[in-house]
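Asker: Before I ask anything, let me first share the structure, which is written out below as structure tokens.
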Amino acid sequence: MFLFIKFMDIWDLLGCETRRRIIKIVINGPKYKTEIARILDIGQKAINEHLELLKKFGFLSEFVERQDRGRPRIYYTIPDEIKSIIEDMERMIKKLNRTRI
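Per this note's numbering, residue 745 is the first one in the sequence shown, and the count goes up by one each step.
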């Protein structure tokens, strides 16, 4: 039952288009919060909520980069394990699509 609950939590998490779009943006390379918000054209508060949920479930990790001036930037990235799972799923979907034709 525990595994099913976790699966459903992840299903709900990825059911949100904004969070899927964040993953698509960050999978191509680290981005900081303001970049993500600007690309998606949504506010900082909304971005914070989505980023926190994605981090909570392990879909994002973060690292800090010091700047010459100003505050350090927190960058978000996709952990290698998650990238691997996404790539595996993409291969499976391509294979399924080929077998249906």
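Even for Gly, the Cβ is constructed at its ideal location relative to N, Cα and C.
1) Using C-beta distances below 7 Å, list every residue in its chain close to I769, excluding the 5 sequence neighbours before and after it, in chain order.
2) Give the DSSP-derived three-state secondary structure of F803 in the structure shown.
3) Spatial neighbours of R765 within its chain, please: CB distance less than 7 Å, with the 5 preceding and 5 following residues excluded, ordered by chain position.
4) Over the uninterrupted beta strand (DSSP E) stretch that includes M818, give me the two end residues.
5) What's the call for R815, buried or exposed, on a 16-neighbour Cβ count within 10 Å?
Answerer: Let's see:
1) The count along the sequence shown starts at 1 and reaches residue 769 at position 25. Excluding sequence neighbours, I769 sits near K775, I780 and I783.
2) As a first step, residue 803 must be located in the sequence shown, where it is residue number 59. Judged by DSSP in its simplified three-state form, F803 adopts coil rather than helix or strand.
3) Residue 765 sits at position 21 when you count from the first residue of the sequence shown. The answer, listed in chain order, is L784.
4) Taking the first residue of the sequence shown as position 1, residue 818 is located at position 74. Here the sequence assigns Ile to residue 818, which means Met is not the residue at that position. Looking at the DSSP string, the run of the beta strand (DSSP E) that includes I818 is R817 to T821.
5) On the sequence shown, residue 815 is found 71 positions in, with the first residue counted as 1. In this structure R815 is exposed. Its beta-carbon is surrounded by fewer than 16 other beta-carbon atoms within 10 angstroms.
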